[in-house]
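Heads up: the structure comes next, in structure tokens.
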Amino acid sequence: FLGPNGAGKSTTIRILCGLLEPTEGEGVVAGFDVSTQSEQIKKSIGYMSQKFSLYDDLTVEENIDFFSGIYGVPRDRRAARKDYVLRMSGLAEKRSSMTTLLAGGWKQRLALGCAILHEPPILFLDEPTSGVDPIARRGFWELIYQLSAAGHTIFVSTHYMDEAEYCHRASIMVDGRIEALDSPSGLKKTFGASSMDEVFHHL
Numbered sequence: 004f005l006g007p008n009g010a011g012k013s014t015t016i017r018i019l020c021g022l023l024e025p026t027e028g029e030g031v032v033a034g035f036d037v038s039t040q041s042e043q044i045k046k047s048i049g050y051m052s053q054k055f056s057l058y059d060d061l062t063v064e065e066n067i068d069f070f071s072g073i074y075g076v077p078r079d080r081r082a083a084r085k086d087y088v089l090r091m092s093g094l095a096e097k098r099s100s101m102t103t104l105l106a107g108g109w110k111q112r113l114a115l116g117c118a119i120l121h122e123p124p125i126l127f128l129d130e131p132t133s134g135v136d137p138i139a140r141r142g143f144w145e146l147i148y149q150l151s152a153a154g155h156t157i158f159v160s161t162h163y164m165d166e167a168e169y170c171h172r173a174s175i176m177v178d179g180r181i182e183a184l185d186s187p188s189g190l191k192k193t194f195g196a197s198s199m200d201e202v203f204h205h206l
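In our numbering, the protein residues as written are 4 to 206.
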């Protein structure tokens, strides 16, 4: 989900996550109506905001334990889900570290792990790579590939045009409207462009 800052990406994601009511139009997520079934939607998705929504005064492990409770992970599944998140994120050796001491890339991985503790089929990531270095960005996308291969649907917003190249489908929003929607290769073919950055400049 691409577009410049202020295009409406975060607002749209909050509507799709059942956090905001739409002023007009219709939307369905996981078979549920965004206007009337927001509570069912919230149970079917994971959501990672730009701010990562972590508690800095808790350790890595305490954050995982807290979000396991918030997401209603069954008690007999919590230890296994915690181990999975620690391994997936590469944070096993930092499990006792205070979250406030983690570099941005590690916080990003922890936030992703917390968002998938309850094994949601759909995961919304709102500009998850904003403010982290290029190496951390690339590593984060490798985690997204792993989750996608495991059967999760990943909806990612970004203003980095190069990240669109990693996706199966790309939607470009300008001033609150979807101006283009296709695979990255399809969009480049339509606009006679060699990169997604060029596609964007055609709009």
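We put the beta carbon where it would ideally sit given N, CA and C, even for glycine.
- Shown here, I119 sits in coil according to DSSP, grouped into three states, outside any helix or strand.
- The three-state reading of DSSP puts F55 in coil, since its state is none of H, G, I, E or B.
- In its chain, beyond the 5 residues on either side, M51, F55, L57 have a beta carbon closer than 6 Å to the beta carbon of A114.
- Taking every protein chain shown into account, the CB of V32 has 16 or more other CB atoms within 10 angstroms, so this residue is buried.
- For the pair of segments examined, the segment 152-164 was found to touch the segment 124-132: the number of CB pairs separated by less than 8 Å reaches three.
- Non-local C-beta neighbours of P25 in its own chain, meaning closer than 7 Å and more than five positions away in sequence, comprise I18, V37, S38, ordered along the chain.
- Note that the C-beta distance between T62 and T102 is below 8 Å.
- Annotated three-state conformation of T26 is coil, per DSSP.
- Counting along the chain, the unbroken beta strand (DSSP E) around A173 starts and ends at 173-177.
- Sequence-distant partners of D60 (beyond 5 residues in either direction) whose C-beta falls short of 6 Å from its own C-beta are missing from its chain.
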